[in-house]
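Novice: Questions regarding the structure given below will be posed in turn.
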DNA sequence: ATAAATAGTTACACTAACTGTAACAATTCA
DNA sequence: TGAATTGTTACAGTTAGTGTAACTATTTAT
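Quick look at the structure:
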């Protein structure tokens, strides 16, 4: 699952949890609301739990709920919680490239450039809160 | 082949062509210099030909050569020539999403956001020329 | 204590995408 | 005509992504 898909899935689930706060919701309820397999959703939500964005409780009357206000949750922290590879990454074949050769120098150039771009993207995401997304999609 | 890999492959080939300008170079010579299969390289270079960055000639003494000065070639135009999907794209499952539902609204939100990011990246690339890359990797 | 409900994790078959390479067709020039 | 070259297609092999199920661990209610 790509980082961008996990990001949008996470936001869908967080919006759903925000609407029903503070009642916890089970993975199967959230999953059917946002049209995703509940097992896959649990995998994603477990990452948000580990990063302190939501909390989970097993057992009956358990489930997931927000542990932060929606204007304290930033897109960048959601992204960092669920990503496994950077969105704008470079596929570099590092093997069979000679030291100090043109290919190696250009590989290094692009690694630096894409790191810069990645920082820019994350800066942008830091300025977007769950609340601002909810306001945006509700047209205010 | 990802857009980023094609981009760095293109830049490697263009640097090589810039060094030997105005002598045309065959795909097999370029390919062995930058360590890539020549058939795959021809696929990438043919896109640069279509976009007016280099020219190609078949036959003996044929090959590829630059038709622009290195400070007139921008990273953004190389990127646009070789990409088939945007670097920072969203994998949205548009099917089985109800009209005006929460999932649909959030999908649309992310499509807009990622388009914005894509524009930012391309703006950044417009300010980078082949010449500036060559200067950069030669440490000036 | 037992059962039910739930999160968390692992496993797996299926599909789609990517990779590397070769082969072929088209073009140019000697 | 033949050699060199680009441009394109094809294809097997590999890797990555998808969807789903099944299992374990934990909690709560009875």
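Chains as they are written, first to last, in the working numbering: chain A, 8 to 147; chain B, 8 to 147. For every residue, glycine included, the Cβ atom is placed at its ideal position computed from N, Cα and C.
(1) Mind checking who residue 62 of chain A pairs with in its DSSP beta bridge?
(2) Determine the direct distance from the alpha carbon of residue 51 of chain B to that of residue 16 of chain A, and round the result to whole angstroms.
(3) Per DSSP, which residues does residue 81 of chain B bridge with? Please list them.
(4) For residue 133 of chain B, which residues in the same chain have their Cβ closer than 8 angstroms to its Cβ, ignoring the five residues on either side in sequence?
(5) In the DSSP output, what is residue 32 of chain A paired with across the bridge?
(6) Return helix, strand or coil for residue 44 of chain A, following the three-state DSSP convention.
(7) Is the Cβ of residue 139 of chain B closer than 8 angstroms to any Cβ of chain A?
(8) Given a limit of 8 angstroms on CB to CB distance, which residues of the stretch 11-42 of chain A reach chain B?
(9) Answer yes or no: does any C-beta atom of chain A fall closer than 8 angstroms to that of residue 73 of chain B?
(10) Any idea what DSSP makes of residue 105 of chain B, helix, strand or coil?
(11) So, are the CB atoms of residue 61 of chain A and residue 72 of chain A less than 8 angstroms apart?
(12) Taking beta-carbon pairs under 7 angstroms, can you tell me which members of the stretch 106-117 of chain A lie near chain B?
(13) Under the three-state reduction of DSSP, which class applies to residue 123 of chain B: helix, strand or coil?
(14) Whole angstroms are fine: how far does the CA of residue 55 of chain A sit from the CA of residue 7 of chain A?
(15) The alpha helix (DSSP H) spanning residue 17 of chain A covers which residue range?
(16) Anyone know if the C-beta pair for residue 14 of chain B and residue 128 of chain B falls short of 8 angstroms?
Specialist: Quick answer:
(1) For residue 62 of chain A, DSSP records a beta bridge to A:72.
(2) Going by the C-alpha atoms only, they are around 34 angstroms apart.
(3) Answer is B:136.
(4) If we look at residue 133 of chain B and ignore the five residues flanking it on each side, its Cβ neighbours are 81, 82, 83.
(5) Residue pairing for residue 32 of chain A: DSSP places it in a beta bridge opposite A:71.
(6) It is coil, neither helix nor strand.
(7) Output row for residue 139 of chain B: interface = no.
(8) If the cut-off is 8 angstroms between Cβ atoms, the stretch 11-42 of chain A has 11, 12, 14, 15, 18, 19, 22, 23, 40, 41, 42 near chain B.
(9) No, because no Cβ of chain A sits closer than 8 angstroms to the Cβ of residue 73 of chain B.
(10) DSSP places residue 105 of chain B in coil when its eight states are reduced to three.
(11) Judged by their CB atoms, residue 61 of chain A and residue 72 of chain A are nearer to each other than the 8 angstroms cut-off.
(12) Residues passing the 7 angstroms Cβ filter: 109, 110, 112, 113, 114, 116, 117.
(13) Of the three classes helix, strand and coil, the one that applies to residue 123 of chain B here is helix, per DSSP.
(14) There is simply no residue 7 of chain A to check, as chain A begins at 8 and stops at 147 in what is shown.
(15) 10-27 is the span of the alpha helix (DSSP H), which, as asked, contains residue 17 of chain A.
(16) Residue 14 of chain B places its beta carbon 8 angstroms or farther from that of residue 128 of chain B.
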